[in-house]
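Number 224 in the numbering used here belongs to position 221 of the sequence shown; there are no gaps in the numbering.
Every residue, glycine too, gets a C-beta built ideally from N, C-alpha and C.
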Amino acid sequence: MQMPPPDPAILSRKDQIVQGLRAILPADAVIDDPVETRAYECDALSAYRCAPLAVILPRSTAEVSAALRFCHDQRVPVVPRGAGTSLAGGSMPTADSVVLGIARMNRVLEVDYADRFIRVEAGRTNLSVSGAVEGAGFFYAPDPSSQLACAISGNIAMNSGGAHCLKYGVTTNNLLGVTLVQMDGTVVTLGGPFMDASGLDLLGVVCGSEGQLGVVTEATLRILPKPEGARPVLIAFGANEVAGACVADIIRAGILPVAIEFMDRPCIRATEAFAHAGYPDCEALLIVEVEGSPPEIDEQIALIRQIAARHSPIEFREAQTEDEARRIWLGRKAAFGAMGQINDYMCLDGTIPVSTLPEVLRRIGDLSREAGLEVANVFHAGDGNMHPLILYNANTPGDLERCEKLGADILKLCVEVGGCLTGEHGVGVEKRDLMRVQFRAADLEAQMRVKDVFDPHWLLNPAKVFPLDDSAARRAP
4 MQMPPPDPAI
14 LSRKDQIVQG
24 LRAILPADAV
34 IDDPVETRAY
44 ECDALSAYRC
54 APLAVILPRS
64 TAEVSAALRF
74 CHDQRVPVVP
84 RGAGTSLAGG
94 SMPTADSVVL
104 GIARMNRVLE
114 VDYADRFIRV
124 EAGRTNLSVS
134 GAVEGAGFFY
144 APDPSSQLAC
154 AISGNIAMNS
164 GGAHCLKYGV
174 TTNNLLGVTL
184 VQMDGTVVTL
194 GGPFMDASGL
204 DLLGVVCGSE
214 GQLGVVTEAT
224 LRILPKPEGA
234 RPVLIAFGAN
244 EVAGACVADI
254 IRAGILPVAI
264 EFMDRPCIRA
274 TEAFAHAGYP
284 DCEALLIVEV
294 EGSPPEIDEQ
304 IALIRQIAAR
314 HSPIEFREAQ
324 TEDEARRIWL
334 GRKAAFGAMG
344 QINDYMCLDG
354 TIPVSTLPEV
364 LRRIGDLSRE
374 AGLEVANVFH
384 AGDGNMHPLI
394 LYNANTPGDL
404 ERCEKLGADI
414 LKLCVEVGGC
424 LTGEHGVGVE
434 KRDLMRVQFR
444 AADLEAQMRV
454 KDVFDPHWLL
464 NPAKVFPLDD
474 SAARRAP
């Protein structure tokens with residue numbers, strides 16, 4: 004993965020830059036020791052690494068503003084970082100950049116159950132948002148697999164989703180407002196604790212912008228009452244394509260489960276060895292969860308059972324107790340950790356029309372065999388958000404390059420069938436060079452002109468999202 008060469012003028016001023024940051028931030032908020040900055044040299048896309056110039060860990064919006072204003076005046080690039088769980092290299096530094104981490108900004112600022120919102124500092128973890136309101140019978144809907152660790156700031160940057168996004172939507176559908184600090188230190192508020200704001204939808208522009216436009220320090224989020232009940236079923240099949248066809252038929256029938264998750268044999272095998280969830284011996288399985296009152300749940304599951312029967316399932320397992328429900332979800336929740344136990348892998352993130360699932364699964368299998376690398380499939384099948392895991396050995400010369408090529412071919416396939424390069428992980432560095440596959444030059448120009456307005460010197464999150472030659476030509480001296 005190519006990264007731009009560092010600016011030697013910035014590297015030569017490292018001591019001056021660090022001293023300047025220490026003059027405006029608390030002593031423990033600035034890290035420049037090379038041993039300590041190594042913790043920030045990559046995110047969850049750990050195949051690529053680069054140590055930053057320095058790291059800053061502010062505790063308030065005011066400190067973020069002061070630090071960005073200083074870096075803007077010094078023309079020093081800044082890489083915003085939440086919890087570092089990005090699977091697309093979204094918070095990977097450059098050697099001449101300052102990493103701005105907001106993990107210390109994690110307070111709950113306001114909760115309003117009557118108007119159903121919570122306002123938090125954006126370093127707060129996803130799961131702890133629900134934890135703050137569950138005692139009153141509420142929850143925050145987006146639930147990425149990394150929700151125990153990932154920060155709200157990163158969720159907003161990448162417009163993250165999760166297993167339950169089929170019914171409740173992704174981050175943008177649950178985000179009401181943000182406090183955004185621009186690169187020059189200007190603090191702006193977009194949206195607020197109400198359904199819609201007047202004027203341009205700049206909140207919609209910021210959500211999913213991958214730290215290109217500003218640093219989100221606070222977020223107002225929609226919270227929802229917990230459903231009366233929920234029940235998952237597990238459906239096992241003899242082929243990936245058959246499971247994909249069942250998903251398409253469930254959606255076509257107008258049923259709206261809260262989640263439809265897919266796992267294939269390589270993933271099932273790994274999760275069984277890791278989590279011992281008791282999954283059946285099959286080529287593919289679906290986890291379908293519905294919610295509502297007991298009669299509503301029974302009616303939905305009866306319809307799903309009828310649809311599944313047309314595809315000759317190996318097993319149809321309906322959870323009857325809380326423990327059975329937990330075990331159905333156990334393997335799926337442990338899937339990424341389980342795969343990491345057996346091999347290095349790269350997790351992709353492409354989105355396709357649900358109707359094309361059987362074809363795409365078949366063609367991924369063909370591409371996998373041609374490349375000589377195994378692919379394990381685990382993804383949010385209900386909305387077509389694919390997460391193929393390409394297994395490779397980082398210690399085998401050439402394996403990473405073969406993995407990259409296979410990943411590019413799979414993402415090109417997603418675009419070819421009418422989908423897109425990313426559903427929730429973002430573009431980052433991983434898909435940066437594929438942007439021209441999905442967008443014409445005029446489309447990319449329109450996107451870059453938006454960044455010109457928010458960040459005219461192109462100092463925020465360098466070398467991400469846009470092809471390198473485009474961003475290099477854009478960056479002002």
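The segment 208-217 makes contact with the segment 450-458: 3 or more CB pairs, one atom from each, lie closer than 8 angstroms. About 20 angstroms separates the beta carbons of L71 and A98, which is beyond the 8 angstroms limit, so they are not a contact pair. Per DSSP, C285 is not a residue of any alpha helix (DSSP H), being assigned neither H nor E.
Assigned with DSSP and collapsed to three states, N243 falls in helix.
Selection R255, R127, L130, G140 evaluated against D115 yields G140 as nearest (Cα-Cα).
Between L424 and M389, the CB-CB gap reaches or exceeds 8 angstroms. At a Cβ-Cβ threshold of 8 angstroms, C153 and A86 count as neighbours.
For T220, the enclosing beta strand (DSSP E) has its first and last residue at 218-225. In the pairwise beta carbon analysis, the segment 361-381 is classified as not touching the segment 432-447: fewer than three pairs are separated by under 8 angstroms. Annotated as distal: C53 and M108, with beta-carbon spacing of 8 angstroms or more. According to the DSSP assignment, T192 belongs to the beta strand (DSSP E) that extends over 190-194. Non-local C-beta neighbours of G410 in its own chain, meaning closer than 7 angstroms and more than five positions away in sequence, comprise M349, L351, I393, ordered along the chain.
The beta strand (DSSP E) runs lying completely inside the segment 397-428 and spanning 3 residues or more number zero. Look at D18 here: in three-state DSSP terms it is helix. Annotation: the continuous alpha helix (DSSP H) that includes R72 extends over 64-77. Between S163 and the set C210, T182, A69, the nearest pair of CA atoms involves C210. Burial state of N398 is exposed, judged by a 10 Å Cβ sphere holding fewer than 16 other Cβ atoms. Comparing alpha carbon positions, the residue from E231, R313, G188, A341 closest to T274 is A341. For V184, same chain residues with a beta-carbon under 7 angstroms away, outside a window of 5 residues either side, are T64, V67, S68, L71, V190, G217, V218, T220 in chain order.
Comparing alpha carbon positions, the residue from A384, R335, P147, R366 closest to V357 is A384. Secondary structure remark: continuous alpha helix (DSSP H) runs of at least 4 residues inside the segment 246-325, in chain order: 268-278, 297-312. In this chain, the beta strand (DSSP E) harbouring R84 covers 81-84. Membership of G211 in any beta strand (DSSP E) is not indicated, and neither H nor E is assigned to it by DSSP. If only complete runs of 4 or more residues are kept, the segment 129-163 shows the alpha helix (DSSP H) at 129-136, 155-161, in order along the chain. It is roughly 32 angstroms from the alpha-carbon of L178 to the alpha-carbon of E302.
In the assembly as shown, D199 is an exposed residue. Its beta-carbon has fewer than 16 other beta-carbons within 10 Å.
When only Cα atoms are considered, C74 and I159 end up about 23 angstroms apart. The segment 294-312 and the segment 325-339 do not touch, with fewer than three beta-carbon pairs separated by less than 8 angstroms. Counting the other Cβ atoms within 10 Å of the Cβ of D10 gives 16 or more, which makes it buried. Taking 8 angstroms as the cut-off, the beta carbon of F142 is found no closer than this to the beta carbon of S149. Here DSSP, grouped into helix, strand and coil, assigns V173 to coil. With a threshold of 16 other beta carbon atoms within 10 Å, D35 meets it and is buried. When only Cα atoms are considered, N129 and V173 end up about 13 angstroms apart. Between the C-alpha atoms of P361 and G247 there is a straight-line separation of about 5 angstroms.
In the structure shown, A106 falls within a coil segment according to DSSP collapsed to helix, strand and coil. DSSP places T40 inside the alpha helix (DSSP H), whose first and last residues are 37-40.
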